[in-house]
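Working notes, beginning with the structure itself.
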Amino acid sequence: MITGSGSQKVVGMDWSKRPGKPEISCDAANFENQTLLDSSSFVVVHGAGSFGHFQASKSGVHKGGLHKPLVRAGFVATRISVTTLNLEIVRVLAREGIPSVGMSPFSCGWSTSDRKMTSADLSLVTKAIDSGFVPVLHGDAVLDELQECTILSGDVIIRHLAAYLKPEYVVFLTDVLGVYDRPPSEPDAVLLREIAVNEDGSWSVVKPALQNMNKQVEITVAAHDTTGGMVTKISEAAMIAKLGIDVYIVKAATSHSLRALCGEVRGTIPDDWLGTIIRFVDKEIAST
Numbered sequence: 001m002i003t004g005s006g007s008q009k010v011v012g013m014d015w016s017k018r019p020g021k022p023e024i025s026c027d028a029a030n031f032e033n034q035t036l037l038d039s040s041s042f043v044v045v046h047g048a049g050s051f052g053h054f055q056a057s058k059s060g061v062h063k064g065g066l067h068k069p070l071v072r073a074g075f076v077a078t079r080i081s082v083t084t085l086n087l088e089i090v091r092v093l094a095r096e097g098i099p100s101v102g103m104s105p106f107s108c109g110w111s112t113s114d115r116k117m118t119s120a121d122l123s124l125v126t127k128a129i130d131s132g133f134v135p136v137l138h139g140d141a142v143l144d145e146l147q148e149c150t151i152l153s154g155d156v157i158i159r160h161l162a163a164y165l166k167p168e169y170v171v172f173l174t175d176v177l178g179v180y181d182r183p184p185s186e187p188d189a190v191l192l193r194e195i196a197v198n199e200d201g202s203w204s205v206v207k208p209a210l211q212n213m214n215k216q217v218e219i220t221v222a223a224h225d226t227t228g229g230m231v232t233k234i235s236e237a238a239m240i241a242k243l244g245i246d247v248y249i250v251k252a253a254t255s256h257s258l259r260a261l262c263g264e265v266r267g268t269i270p271d272d273w274l275g276t277i278i279r280f281v282d283k284e285i286a287s288t
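Under UniProt numbering, the sequence shown has 247 at position 247, and the numbering climbs by one with no breaks.
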């Protein structure tokens, strides 16, 4: 996402010493006549993946019950895992010269009640952005007023950030091209190019036109995923779209995801772009 760098040297920002690797020292000469690279203001939110879901699922952290030793131990293990992943992602960004800072929802005072968000202090996120940093948040184990604890999904975090920060668009990066009408591993699975969200939160497939318009979109969730998988993504994306913010679900590490991140697919969907766009459709405006 760094733009206008041209032939400028990108100065890595990770100077920490890591076991088995040579120490990276801070060389002031690297910064002589170095102008700060321009970068768009953006926020990164990542899930837990194999760094947290398995620990949470095995111990039942998402179901609550901190009074149980196994759940309490699982809460600690889950947080160790997700913060470890967060640090690794921040390291990768820092090596590319992106001034990122990790932010844990638990440490920032985010909490829930019956697994629904009740407290989300976003002031630190705003201050970090205003100071020129890229906040990197993650799915986390948090305290819950009714069931004592639960897992806060990165998808839910994104929705609250979107409602507060009003970004131009939101990009969900996944390991498949987008949303399909059935598990993408099945034969003849169809990539849904555009999904329209109505005022009441319901949604329908716009492109492509499915042969059976009443056909139910089938979605599966991995057994270890304690936050709902693609079901939660579509639900949260629909709520973001209701705010008038387009959401792109696209495969990571592809030209399609790069174009989405750079804002090249805003407006009319390019024919050669593969992914899913979820956007709000105002029926009153559409009918005029």
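We put the beta carbon where it would ideally sit given N, CA and C, even for glycine.
query                                                                                                                             : result
Residue closest to residue 80, alpha-carbon to alpha-carbon, out of 259, 257, 234, 48                                             : 48
Validate contact between the stretch 235-253 and the stretch 159-171 using beta carbons, cut 8 Å, 3 pairs                         : yes
Supposed contact pair residue 245 and residue 167 - C-beta distance, whole angstroms, cut 8 Å                                     : 6 Å
Exposed unless 16 or more other CB atoms sit within 10 angstroms - verdict on residue 67                                          : exposed
Cβ neighbours of residue 273 in the same chain (closer than 7 Å, five flanking residues each side left out)                       : 256, 259, 265
Residue 61 versus residue 86: straight-line alpha-carbon distance, rounded                                                        : 19 Å
Segment contact, 8 Å Cβ cut-off, at least three pairs: the stretch 246-253 with the stretch 174-191                               : yes
Minimum C-alpha distance to residue 50 - residue among 133, 206, 72, 139                                                          : 139
Local conformation of residue 50 per DSSP, three classes                                                                          : helix
Close-in-space but distant-in-sequence residues of the same chain around residue 41 (CB under 6 Å, 5 per side omitted)            : 129
DSSP-derived helix/strand/coil call for residue 239                                                                               : helix
Residue 207 in three-state terms, based on DSSP                                                                                   : strand
Simplified DSSP assignment, three categories, for residue 68                                                                      : coil
Close-in-space but distant-in-sequence residues of the same chain around residue 133 (CB under 8 Å, 5 per side omitted)           : 99, 100, 101
Presumed contact (8 Å Cβ cut-off) between residue 91 and residue 14, rounded CB distance                                          : 5 Å
Residue 111: first and last residue of the uninterrupted alpha helix (DSSP H) it sits in                                          : It is not in any alpha helix (DSSP H) - residue 111 instead sits in the beta strand (DSSP E) that spans 111-113.
Residue 144 versus 119, 70, 187, residue with shortest Cα-Cα distance                                                             : 119
Coarse secondary structure for residue 119, derived from DSSP in three states                                                     : strand
Beta-carbon contacts of residue 223 that lie in its chain and below 8 Å, excluding the five residues immediately before and after : Legend: pLDDT at residue 223 = 46, less than 50; position of this residue unreliable, no value from coordinates given.
Complete beta strand (DSSP E) runs within the stretch 79-163 (minimum length 3 residues, chain order)                             : 100-103, 111-113, 116-119, 134-138, 140-144, 148-152
Same chain only: Cβ atoms within 7 Å of residue 269, ignoring 5 sequence neighbours per side                                      : 193, 194, 277
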